[in-house]
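In the numbering used here, the protein residues as written are 2 to 204.
In this text, a Cβ means the ideal position worked out from N, Cα and C, and glycines have one as well.
The next block holds one structure in the form of structure tokens; read it before the comments.
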């Protein structure tokens with residue numbers, strides 16, 4: 002009953018925040034970066050159910066490139082490179098496992114066709130594990146660097162709290178098996194996914 006207004010609210014909020022971010026970076030600060038392009042692509046790709054996981058992956062890549070700009074130390078850059086590879090690899094698996102969950106793909110909307118599908122519970126649990134682990138990793142990664150910053154204690158705490166807001170996306174309730182559905186008939190699943198993806202876009 003409340004799924005549609007909740008989805009519209011979170012998606013509208015995500016669009017507003019991304020628009021304000023772009024206005025600030027393009028017109029005020031005038032220092033656009035690759036992270037800005039990726040966050041726009043993430044928001045645009047979110048509108049299609051099969052590319053939901055790609056939307057989340059692009060959001061995480063945006064954060065990684067943001068970290069690369071903020072924390073240029075060699076040791077941290079190596080960690081970010083490894084994280085980048087892991088996020089891309091798991092993201093590709095989640096995207097293609099969603100699109101090619103059943104063969105032939107046409108069987109998603111034509112249930113009369115014989116089809117061969119991946120084991121549902123295994124794929125959904127594996128994808129959930131990848132999403133949660135990468136979310137937590139991206140939240141934790143900047144914390145040691147932020148803790149060592151030579152700034153006022155109050156500012157340091159504020160920065161850590163801002164980055165810690167990423168836990169909100171990780172802590173969103175499980176969507177259940179249907180949230181990975183890719184057929185046009187799975188609109189309710191898409192609506193349940195909206196708060197999580199929108200929350201990630203605001204990070």
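What's the call for residue i, buried or exposed, on a 16-neighbour Cβ count within 10 Å?
{"i": "residue 40", "result": "buried"}
{"i": "residue 61", "result": "buried"}
{"i": "residue 135", "result": "buried"}
{"i": "residue 181", "result": "Residue confidence is low: residue 181 scores 46 on pLDDT, short of 50, so the model does not pin down where it sits. No coordinate-derived value is stated."}
{"i": "residue 99", "result": "buried"}
{"i": "residue 59", "result": "buried"}
{"i": "residue 113", "result": "exposed"}
{"i": "residue 164", "result": "buried"}
{"i": "residue 139", "result": "buried"}
{"i": "residue 64", "result": "buried"}
{"i": "residue 19", "result": "buried"}
Measure the C-alpha to C-alpha separation of residue i and residue j and round it to an integer number of angstroms.
{"i": "residue 123", "j": "residue 129", "result": "10 Å"}
{"i": "residue 103", "j": "residue 125", "result": "14 Å"}
{"i": "residue 154", "j": "residue 120", "result": "50 Å"}
{"i": "residue 158", "j": "residue 82", "result": "27 Å"}
{"i": "residue 75", "j": "residue 69", "result": "10 Å"}
{"i": "residue 56", "j": "residue 84", "result": "17 Å"}
{"i": "residue 30", "j": "residue 86", "result": "30 Å"}
{"i": "residue 91", "j": "residue 132", "result": "9 Å"}
{"i": "residue 88", "j": "residue 94", "result": "10 Å"}
{"i": "residue 150", "j": "residue 42", "result": "32 Å"}
{"i": "residue 118", "j": "residue 54", "result": "19 Å"}
{"i": "residue 147", "j": "residue 162", "result": "10 Å"}
{"i": "residue 97", "j": "residue 115", "result": "20 Å"}
{"i": "residue 108", "j": "residue 101", "result": "10 Å"}
{"i": "residue 1", "j": "residue 127", "result": "Examination of residue 1 is not possible in this model, given that the chain is present from 2 through 204 alone."}
{"i": "residue 152", "j": "residue 166", "result": "20 Å"}
{"i": "residue 145", "j": "residue 160", "result": "12 Å"}
{"i": "residue 38", "j": "residue 106", "result": "30 Å"}
What residues match up with residue i in a beta bridge as DSSP calls it?
{"i": "residue 104", "result": "117"}
Contact check, residue i vs residue j under 8 Å by CB: the rounded distance?
{"i": "residue 66", "j": "residue 36", "result": "4 Å"}
{"i": "residue 142", "j": "residue 80", "result": "7 Å"}
{"i": "residue 26", "j": "residue 33", "result": "5 Å"}
On the three-state DSSP scale, how would you describe residue i?
{"i": "residue 145", "result": "helix"}
{"i": "residue 183", "result": "Bear in mind that a pLDDT of 44 at residue 183, under 50, signals an unreliable position, so the number given afterwards is only what the model happens to contain. DSSP places residue 183 in coil when its eight states are reduced to three."}
{"i": "residue 130", "result": "helix"}
{"i": "residue 164", "result": "helix"}
{"i": "residue 155", "result": "helix"}
{"i": "residue 72", "result": "coil"}
{"i": "residue 30", "result": "coil"}
{"i": "residue 150", "result": "coil"}
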